[in-house]
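Protein chains in written order, with my numbering: chain A, 1 to 110; chain B, 1001 to 1114.
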Amino acid sequence: NAGVTQTPKFRVLKTGQSMTLLCAQDMNHEYMYWYRQDPGMGLRLIHYSVGEGTTAKGEVPDGYNVSRLKKQNFLLGLESAAPSQTSVYFCASSEIYEQYFGPGTRLTVT
Amino acid sequence: GDSVTQMEGPVTLSEEAFLTINCTYTATGYPSLFWYVQYPGEGLQLLLKATKADDKGSNKGFEATYRKETTSFHLEKGSVQVSDSAVYFCAPGTLSGGYNKLIFGAGTRLAVHP
């Protein structure tokens, strides 16, 4: 039982490049989330999904897109990366209350 | 909007010292309350939770009591260990759109030395 996994662990992008972060969970959870964590700040919600085929905007959605084609996967896309998107990205999943987090992806945009 | 305030870190303690990390929140409705811990290089792990007033959450020697009258959820441990060195996040959660929306504090870094 791997829980929540994220791919890749690290990535460096140049401004304007695109990439997709993959999150997978094996707990059959309905809800999945993408957060970003910046120094001195708590986690901020980017997008979330309440079930397969659904997505919704969180607190800081601009510059990101998401898709949830399969229940176990939640993809986060950056179409044109900017230095302001340098951050650590965490995926999480849950039933109702407790959220379970992945190990994170450290993204640097130069 | 909903918010949470944690005491600023870093908190530096000697092994076996008593720990308190303060957390207060503002939230509409009746939130559940959580403490998450993040060890270096890892994701967040749920440490403990409380879902109603006067509930006490506990785990690994840590405790926190849901104080509705003071809107607080302070984290305590009687005797810290070096292995407790981590960043601790207080997070009230309110049901919104069918899921538990968590609001995270900035985190409090704890450093415990022998």
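Note that beta-carbon positions come from the ideal geometry of N, C-alpha and C, so glycine has one too.
Note that the coordinates shown come from a computational prediction; the quantities given were computed from them, not determined experimentally.
Nearest to P1114 (chain B) by alpha-carbon distance, out of B:S1003, B:D1084 and B:F1089, is B:D1084. If you check the CB distance, Y89 (chain A) and R36 (chain A) come in under 7 Å. Per DSSP, the unbroken beta strand (DSSP E) holding Y89 (chain A) starts and ends at S87 to S94. For F1062 (chain B), the enclosing beta strand (DSSP E) covers residues F1062 to T1065. Looking at the backbone, the Cα of T1024 (chain B) and that of S67 (chain A) are separated by about 35 Å. Less than 7 Å divides the Cβ of A1064 (chain B) from the Cβ of F1073 (chain B). For P83 (chain A), the three-state secondary structure derived from DSSP is helix. Counting the other Cβ atoms within 10 Å of the Cβ of K1056 (chain B) gives fewer than 16, which makes it exposed. Proximity of the stretch 1035-1043 of chain B to the stretch 67-79 of chain A falls short of the contact definition, fewer than three beta-carbon pairs being nearer than 8 Å. About 7 Å separates the CB atoms of S94 (chain A) and N1100 (chain B); that is less than 8 Å, so the two are in contact. In terms of beta-carbon proximity, F90 (chain A) lines the interface with chain B, with at least one pair separated by less than 7 Å. For A1091 (chain B), the number of other beta carbons within 10 angstroms of its own is at least 16, and it is reported as buried.
Contact between the stretch 3-12 of chain A and the stretch 92-106 of chain A is present: 3 or more CB-CB pairs across the two stretches fall below 8 Å. The continuous beta strand (DSSP E) containing K1077 (chain B) extends over residues L1075 to K1077.
Contact holds between the stretch 1103-1113 of chain B and the stretch 1008-1019 of chain B, because three or more Cβ pairs, one in each stretch, are under 8 Å apart.
Taken in chain order, the whole beta strand (DSSP E) runs of length 3 or more contained in the stretch 24-64 of chain A are 31-37 and 43-49. Restricting attention to B:G1078, B:K1049, B:T1005 and B:P1031, the CA atom closest to the CA of K1068 (chain B) is found in B:P1031. Annotation for Y48 (chain A): Y33, A56 and G58 place their beta carbon closer than 6 Å to its own, counting only its chain and skipping 5 residues before and after.
DSSP, read as helix, strand or coil, puts S1032 (chain B) in strand.
At a beta-carbon threshold of 9 Å, the residues of chain B lying near V50 (chain A) are G1097, G1098 and Y1099, ordered along the chain. Shown here for A1053 (chain B): same chain residues with a beta carbon closer than 7 Å to its own, the five before and five after excluded, namely Y1066 and K1068 in chain order.
For Y1088 (chain B), the beta-bridge partners assigned by DSSP are B:V1037 and B:T1108. For the pair P8 (chain A) and T1070 (chain B), the Cα-to-Cα distance works out to about 42 Å. Within the DSSP bridge table, the entry for A1050 (chain B) names B:L1033 as partners.
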